[in-house]
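Quick note: the sequence shown uses this note's numbering, first residue 35, plus one each step. For reference, the structure discussed in these notes is given below.
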Amino acid sequence: MSEGVREKPLASRTLYTGRILNLRVDEVELPSGRSAIREVVEHAPAVGILPVLEDGSILLVRQFRYAVGEMMLEIPAGLLEGDEPPEDAARRELQEEIGYYPGRLRKISAIYNSPGFCTELMHLYLATELRPSKLQEDEDEFISVVRVKPEEIPLLLTSGELRDAKTLAALSWWRAIGTGQATWD
């Protein structure tokens with residue numbers, strides 16, 4: 035991989051400014067000297083949390099996602115509020131979406147969901163030692179909690195039912211590292 039091959043911004047204009055994202059169109063100079071257009075979605079940072087119960091079961095959420103017109107099975111997730119640290123957002127989102135507070139929270143990774151056009155950085159966490167603690171749900175979210183047994187995870191990963199990148203990443207990590215198959219502490 036060549037670290038020196040980059041695109042140089044020449045011009046930029048914002049076409050839309052919204053609550054969670056902005057749409058920007060940039061003209062860039064390519065390493066060849068030619069120019070190209072780049073469409074960029076500037077998205078607020080977010081968190082995704084893999085909540086694991088004492089028996090190894092995982093709590094997922096099922097909700098309708100308007101943008102794709104489908105019911106989705108996902109790990110709990112949400113946007114950071116203002117300057118909120120990602121760890122605090124993870125704790126808040128767990129309480130809002132599934133009604134649990136993590137006794138232990140460990141960062142798995144930070145991933146870009148679609149770096150070809152979007153700046154969204156998703157901080158992924160593992161949450162364990164869960165205890166009931168419910169916060170008020172967001173008024174525009176209609177979520178049901180789904181408990182998944184450890185032995186059901188391989189089928190979920192291979193069946194095509196999961197179509198959400200953060201959930202596939204978190205559950206794949208859990209199968210590879212988190213379940214004790216490798217040391218991660």
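By construction, the Cβ of each residue, glycine as well, lies at the ideal position given by its N, Cα and C atoms.
Measure the alpha-carbon distance for residue i versus residue j and round it to whole angstroms.
| i | j | result |
| --- | --- | --- |
| Y50 | E73 | 12 angstroms |
| W207 | P166 | 25 angstroms |
| S91 | V39 | 45 angstroms |
| P184 | P110 | 17 angstroms |
| S193 | G67 | 45 angstroms |
| A216 | A204 | Residue placement at A216 is flagged as unreliable, the pLDDT there being 41, under the threshold of 50; the coordinate-derived value follows with that caveat. Between A216 and A204, the C-alpha separation is close to 15 angstroms. |
| V81 | D89 | 24 angstroms |
| L26 | F98 | Because the chain spans 35 through 219 in this model, residue 26 falls outside it and cannot be assessed. |
| R140 | K42 | 37 angstroms |
Considering only the alpha carbon of each residue, which of the options lies closest to residue i?
| i | options | result |
| --- | --- | --- |
| S46 | L94, S69, I54 | S69 |
| F151 | L93, R40, V39, D60 | D60 |
| L190 | L107, M156, E63, L57 | L107 |
| Y100 | E76, F176, E118, G194 | F176 |
| R58 | L94, T153, R40, E118 | T153 |
State the DSSP-derived secondary structure class of residue i, mapped to helix, strand or coil.
| i | result |
| --- | --- |
| K200 | helix |
| P166 | strand |
| T217 | Confidence is the limiting factor: at T217 the pLDDT is only 44, short of 50, which leaves the residue's position unreliable, though a coordinate-based value still follows. Note: T217 maps to coil in three-state DSSP. |
| L84 | strand |
| K42 | strand |
| M35 | With a pLDDT of 46 at M35, under the threshold of 50, the predicted position of this residue should be treated as unreliable, though the coordinate-derived value follows. Three-state result, M35: coil. |
| R58 | strand |
| L189 | helix |
Would the beta-carbon of residue i fall within 8 angstroms of that of residue j?
| i | j | result |
| --- | --- | --- |
| P85 | Y134 | yes |
| E127 | G103 | no |
| P79 | L114 | yes |
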